[in-house]
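Taking it in order: structure first as structure tokens, then the write-up.
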Amino acid sequence: MSKKFYLSDIQKDFGIIGHSLEIEQVVSTVSQVAFSNISVLITGESGTGKEVVVNAIHKHSPRKHKPLVSVNCGAIPAGLIESELFGHKKGAFTDAKDDRRGYFEEADGGTIFLDEIGETPMETQVRLLRVLEQGEFMRVGDSKKRRVDVRILAATNRDLREMVTQGRFRQDLYFRLKAVNIQLPPLRKRREDIPLFIEYFARRYSNFNNIPFAGFSPDAMEILQNYEWEGNVRELKNFVESMMVLEGGAPIKSEAVHRFLFADKPESSIFSSNQNLPVLTGNTPSQAAQSVILQQLFLLRQEVAEIKQQLSTGVRQMTHFLPAKASKTEEFQPLSEPADKQEILVVEEEKSKMTIREMEKKLIVETLKKNHYSRRQTAKDLEISERTLYRKISEYGLQ
Ligand SMILES: Nc1ncnc2c1ncn2[C@@H]1O[C@H](COP(=O)(O)OP(=O)(O)O)[C@@H](O)[C@H]1O
Ligand SMILES: [Mg+2]
């Protein structure tokens with residue numbers, strides 16, 4: 028059996044698409060490490076398939092019948108992450124009404140996937156190292172040592188080595204995590220995989236939704252193969268699915284592709300999807316000015332919201348009051364007004380709600396992109412608390 032045949036066979040089993048040398052190497056490493064307990068660090072830009080690799084490793088490990096617990100370290104506010112990971116003892120903090128198991132205990136016997144590991148606060152990193160080295164941890168507020176048998180997989184789109192140099196990531200944890208490092212190159216560095224992905228996503232979508240698929244014209248394919256795909260495979264998948272819906276089963280031609288990929292991205296747009304912009308403000312003075320205005324609008328909205336809140340509830344309750352536990356399902360509460368102010372404010376709100384909310388959403392999306400989806404940095408840039416950002420991300424369905 029040739030190596031190639033053997034690889035493509037297990038590759039199917041892993042659900043990892045691609046025939047580039049890079050993907051072959053990934054598949055080969057996955058098959059080597061899946062059976063062991065070794066920690067694996069998976070690096071790559073957003074949308075390159077890090078989670079696909081995680082699933083393949085877990086599903087082909089002896090732990091496959093036990094849970095795979097995924098934790099997005101970047102989505103949990105710094106103050107909550109330890110209790111989420113390690114659990115807490117009743118009374119450890121105001122909201123700790125009961126003893127609670129953390130994700131590590133949930134994953135016992137299985138695998139824990141720490142996504143966006145680069146966002147983990149330094150204090151938490153110490154605890155993680157301890158679990159990695161000794162399999163031991165304590166719930167927050169507890170003095171009892173607990174043991175778990177958990178395999179750790181971690182992923183990041185950050186350069187952890189650079190973060191180590193800057194003193195923002197612990198070197199010992201870094202070395203420990205990257206016992207094996209699987210690097211997923213951006214899609215633009217393995218363009219030969221693009222047609223394969225297009226075919227795969229189109230066929231799958233077509234079967235699943237009963238939409239016929241008549242293929243892409245050769246010049247359409249050429250555009251797609253040369254496109255930058257900054258959102259990598261995720262962006263390509265969304266693109267293929269959108270095209271199939273928009274073209275309703277007709278062959279997909281270059282005009283349609285061009286229209287979709289470029290029409291909504293005029294060069295002057297401050298919401299251009301270029302994630303490589305060094306700063307939010309783009310590269311022309313007018314773009315810079317527009318961004319500053321947006322940011323100011325955003326801050327203004329925050330202030331107005333805070334003032335309204337104070338009007339309605341008295342100064343007692345500030346908008347920056349932090350609940351001990353932010354819930355993912357927490358809805359954005361429209362601010363209620365005292366009866367006498369209600370009429371005027373409601374009318375004003377009706378007028379401005381859509382635009383300001385839209386702007387706020389866009390600003391958040393753009394700032395997240397600029398910061399490679401680091402919520403911590405985004406909150407800093409926008410001068411709001413991480414919890415507020417967390418709430419807004421779920422409010423706008425940006426998960
Ligand atoms: N090599 C691959 N084979 C099959 N699907 C892939 C591959 N790489 C990415 N995808 C698909 O692209 C999307 C994004 O992948 P994901 O693993 O979530 O990326 P990441 O975690 O790096 O942001 C998912 O829908 C995933 O199924
Ligand atoms: Mg991911």
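Counting in this note's numbering, the sequence shown runs from 28 upward without gaps. Note that beta-carbon positions come from the ideal geometry of N, C-alpha and C, so glycine has one too. Quick caveat, the model's predicted, so the values are computed rather than measured.
Notebook entry, point to check: Taking 6 Å as the cut-off, does the CB of residue 218 come closer than this to any heavy atom belonging to ligand 1?
Noted result: Here residue 218 corresponds to residue number 191 of the sequence shown, with the count starting at 1. Residue 218: no, Cβ never under 6 Å from ligand 1.
Notebook entry, point to check: Going by beta carbon distance, what residues of the same chain come within less than 6 Å of residue 184, once the five residues before and after it are set aside?
Noted result: Here residue 184 refers to the residue found at position 157 of the sequence shown. Here the set comprises 72, 73, 399.
Notebook entry, point to check: Candidates 129, 108, 70, 53: which alpha carbon is nearest residue 186's?
Noted result: Here residue 186 refers to the residue found at position 159 of the sequence shown. Taking only the C-alpha atoms, the option nearest residue 186 is 70.
Next item on the list: Return the CA-CA distance between residue 283 and residue 219, expressed in angstroms with no decimal places.
Entry: Here residue 283 refers to the residue found at position 256 of the sequence shown. Here residue 219 refers to the residue found at position 192 of the sequence shown. The alpha-carbon atoms of residue 283 and residue 219 are separated by roughly 22 Å.
Notebook entry, point to check: From which residue to which residue does the beta strand (DSSP E) around residue 131 run?
Noted result: Walking along the sequence shown from the start, residue 131 turns up at place 104. Where residue 131 is concerned, there is no enclosing beta strand (DSSP E), although the alpha helix (DSSP H) it sits in stretches over 130 to 133.
Checklist line | Buried or exposed (CB count within 10 angstroms, at least 16 for buried), residue 42 | finding: Counting from one through the sequence shown, the residue named residue 42 turns up at place 15. It counts as exposed.
Margin query: Quick check on the burial criterion: 16 or more other C-beta atoms within 10 angstroms. Buried or exposed for residue 162?
Written below: Walking along the sequence shown from the start, residue 162 turns up at place 135. So residue 162 ends up on the exposed side.
Next item on the list: Could you name the residues of the same chain whose beta carbon sits closer than 6 Å to that of residue 68, not counting the 5 residues immediately before and after it, in chain order?
Entry: The residue you call residue 68 lines up with position 41 of the sequence shown. So the list reads 181, 204, 205, 208, once near-sequence residues are dropped.
Next item on the list: Output the boundary residues of the beta strand (DSSP E) element that contains residue 161.
Entry: Mapped onto the sequence shown, residue 161 falls at position 134. No beta strand (DSSP E) contains residue 161, which is instead part of the alpha helix (DSSP H) from 149 to 161.
Check: Just curious, the alpha helix (DSSP H) that residue 113 is in, first and last residue?
Finding: As a first step, residue 113 is located in the sequence shown; it is residue number 86 there, counting from the start. From DSSP, the alpha helix (DSSP H) with residue 113 extends over 105 to 113.
Check: Under 6 Å from any heavy atom of ligand 2, does the C-beta of residue 78 make it?
Finding: In the sequence shown, residue 78 corresponds to position 51, counting from 1. For ligand 2, at least one heavy atom lies less than 6 Å from the Cβ of residue 78.
Notebook entry, point to check: Where does residue 283 fall in DSSP's three states?
Noted result: For the purposes of this step, residue 283 is identified with residue 256 of the sequence shown, where counting begins at 1. Residue 283 falls in the helix class under three-state DSSP.
Notebook entry, point to check: Looking at the structure shown, is residue 288 part of a helix, part of a strand, or coil, going by DSSP?
Noted result: For the purposes of this step, residue 288 is taken as the residue at position 261 of the sequence shown. Looking at residue 288 - three-state DSSP - the assignment turns out to be helix.
Margin query: Once DSSP output is grouped into helix, strand and coil, what is the label at residue 207?
Written below: Position 180 of the sequence shown holds residue 207. Correct three-state label for residue 207: strand.
Notebook entry, point to check: So does residue 39 have its beta carbon nearer than 6 Å to some heavy atom of ligand 3?
Noted result: This structure simply doesn't include ligand 3; it includes ligand 1 and ligand 2 instead.
Note to self: For a test of the three-state rule: what should DSSP assign to residue 273, helix, strand or coil?
What the structure shows: Along the sequence shown, one-based indexing puts residue 273 at 246. Three-state result, residue 273: helix.
Check: Which residue or residues does DSSP assign as beta-bridge partners of residue 173?
Finding: Against the sequence shown, residue 173 aligns to sequence position 146. Its beta-bridge partners are 164.
Next item on the list: Would you kindly report the start and end of the unbroken beta strand (DSSP E) that includes residue 181?
Entry: The residue you call residue 181 lines up with position 154 of the sequence shown. Its beta strand (DSSP E) spans residues 178 to 183.
Next item on the list: Provide the residue span of the alpha helix (DSSP H) that contains residue 48, from first to last.
Entry: If you number the sequence shown from 1, residue 48 lands on position 21. Where residue 48 is concerned, the enclosing alpha helix (DSSP H) stretches over 48 to 60.
Check: Which class does residue 197 belong to by DSSP, given the choice of helix, strand or coil?
Finding: For this step, residue 197 is matched to residue 170 along the sequence shown. DSSP places residue 197 in coil when its eight states are reduced to three.
Note to self: For a test of your reading of the model: does the CB of residue 55 fall under 6 Å from any non-hydrogen atom of ligand 1? Yes or no.
What the structure shows: Here residue 55 is taken as the residue at index 28 of the sequence shown, counted from 1. No, the Cβ of residue 55 stays beyond 6 Å of every heavy atom of ligand 1.
Next item on the list: Mind checking who residue 95 pairs with in its DSSP beta bridge?
Entry: Translated into positions along the sequence shown, residue 95 becomes position 68. Paired residues: 138.
Margin query: Tell me whether residue 264, by its Cβ, gets closer than 6 Å to a heavy atom of ligand 1.
Written below: By one-based count along the sequence shown, residue 264 stands at place 237. Checking the Cβ of residue 264 against ligand 1 gives yes.
Next item on the list: Compute the Euclidean distance between the alpha carbons of residue 66 and residue 201, then round it to the nearest angstrom.
Entry: If you number the sequence shown from 1, residue 66 lands on position 39. If you number the sequence shown from 1, residue 201 lands on position 174. Roughly 11 Å separates the two Cα atoms.
Note to self: Applying the 10 Å Cβ sphere with the 16-neighbour rule, what's the burial state of residue 92?
What the structure shows: Translated into positions along the sequence shown, residue 92 becomes position 65. When all chains shown are included, residue 92 counts as exposed.
Next item on the list: For the stretch 161 to 178 and the stretch 114 to 123, state whether three or more C-beta atom pairs, one from each stretch, are separated by less than 8 Å.
Entry: yes
Next item on the list: Can you give me the start and stop residues for the beta strand (DSSP E) that residue 69 sits inside?
Entry: Taking the sequence shown and counting its residues from 1, one reaches residue 69 at position 42. Start and end: 67 to 70.
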